[in-house]
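In this note's numbering, the protein residues as written are 1 to 275.
Using N, Cα and C, we set each Cβ at its ideal position, and we do this for glycine too.
A short worksheet on the structure shown next.
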């Protein structure tokens with residue numbers, strides 16, 4: 001396997017709930033003060049990162065992945081498997097759900113399970129995480145009557161917290177939160193509610209009620225995973241989750257560390273400096 005490190009130029013997405021924390025926290029040159037997402041590592045058709053160095057400089061990650069599978073353990077997937085984002089939620093996102101692979105395939109997408117690491121959060125921040133409906137009929141009745149307070153579950157959140165959101169889990173990032181998101185490479189979201197807001201174009205944003213009902217796990221499923229922690233000298237290696245979609249680790253490096261990778265890895269530096 002070729003061990004060269006590819007540095008990437010991100011793709012930015014403007015959102016009605018975005019602001020400028022990507023500039024303030026990470027010194028990114030954002031397109032506007034409505035910037036909600038940084039697609040930091042992306043090979044997706046809706047926005048691929050550009051390689052900044054080496055023999056592939058100037059090419060998209062999407063193109064390099066498709067034409068140079070030897071760089072990626074000769075993975076059999078036709079699409080780059082993961083998408084890494086930094087999300088700046090200055091306002092509440094829509095109440096939403098992502099479908100599993102089977103449902104998503106009808107839309108020519110993969111399913112979307114995702115993991116959040118909270119990078120910054122205002123005091124008393126929370127997220128929507130799950131629902132209270134016991135049956136599909138009860139779920140639909142809550143929606144038809146806009147009974148969101150009874151339907152939705154909330155979870156308090158602070159800097160350093162982590163959240164796993166499997167496909168089928170109702171969720172939303174609420175205002176005042178900046179997070180790192182690692183997800184299956186999919187841009188498919190079903191909106192249940194968007195607070196009757198217009199989009200950036202001034203038009204109402206589309207809802208996907210029937211699709212959401214089909215995609216949501218009913219009743220709500222508890223999410224369990226077990227964190228492991230390994231120390232090598234002063235360095236700390238935390239494994240948050242290891243499943244069929246991704247293995248997510250946080251490396252806290254305090255002294256010199258060398259390793260020989262056996263597979264391709266994605267890195268996001270979220271704090272500190274080094275060389």
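Taking C-beta atoms as the reference points, residue 152 and residue 95 count as a pair closer than 8 Å. Contact between the segment 80-95 and the segment 183-199 is established, with three or more Cβ pairs separated by less than 8 Å. Taking the C-beta atoms as reference points, residue 218 is found nearer than 8 Å to residue 133. Judged by DSSP secondary structure, residue 163 falls within the beta strand (DSSP E) whose first and last residues are 162-165.
For residue 211, there is no enclosing beta strand (DSSP E); the enclosing alpha helix (DSSP H) has its first and last residue at 209-215. Counting of Cβ neighbours within 10 angstroms places residue 254 among the exposed residues, the total staying below 16. With a contact defined as Cβ atoms closer than 8 Å, residue 61 and residue 8 qualify at about 6 Å.
Three or more Cβ pairs closer than 8 Å define a contact, and the segment 42-55 meets that threshold against the segment 74-91. Look at the beta carbons and you see the segment 107-115 touching the segment 163-173: at least three pairs across the two are nearer than 8 Å. If you ignore the 5 residues before and after residue 54, its C-beta comes within less than 7 Å of the C-beta of 4 and 6, all in its own chain and listed in chain order. Under the DSSP definition of a beta bridge, residue 154 partners with 128. Of the residues 261, 256, 64 and 243, the one whose Cα lies closest to the Cα of residue 232 is 256. In the structure shown, residue 91 adopts coil according to DSSP, grouped into three states.
Looking at the DSSP output, residue 121 bridges to 177. Within 10 angstroms of the beta-carbon of residue 99 lie 16 or more other beta-carbons, which makes it buried. Looking only at 179, 20 and 245, the smallest Cα-Cα distance to residue 125 is reached by 179. Residue state for residue 133 is assigned as coil, using DSSP reduced to three classes. Residues of the same chain with a CB within less than 7 Å of the CB of residue 22, apart from the 5 flanking positions on each side, are 28, 30, 35, 38, 86 and 88 in chain order. In the three-state reduction of the DSSP assignment, residue 146 falls in the coil class, being assigned neither a helical nor a strand state. Ranked by Cα distance from residue 127, the first of 136, 148 and 155 is 155. In the three-state reduction of the DSSP assignment, residue 102 falls in the helix class, which pools H, G and I. Following the DSSP letters along the chain, one finds residue 190 in no alpha helix (DSSP H) but inside the beta strand (DSSP E) bounded by residues 190-193. Within its own chain, the residues whose Cβ lies closer than 6 Å to the Cβ of residue 18, once the five positions on either side in sequence are excluded, are 34, 35, 36 and 88, listed in chain order.
DSSP places residue 11 in the uninterrupted beta strand (DSSP E) bounded by 11-19. If you draw a straight line from the Cα of residue 108 to the Cα of residue 265, it comes to about 26 Å.
When DSSP states are grouped into helix, strand and coil, residue 54 belongs to the helix group.
With respect to residue 160, residue 118 sits close: the two C-beta atoms are nearer than 8 Å. Around the Cβ of residue 11, a 10 Å sphere holds 16 or more other Cβ atoms; the residue is buried.
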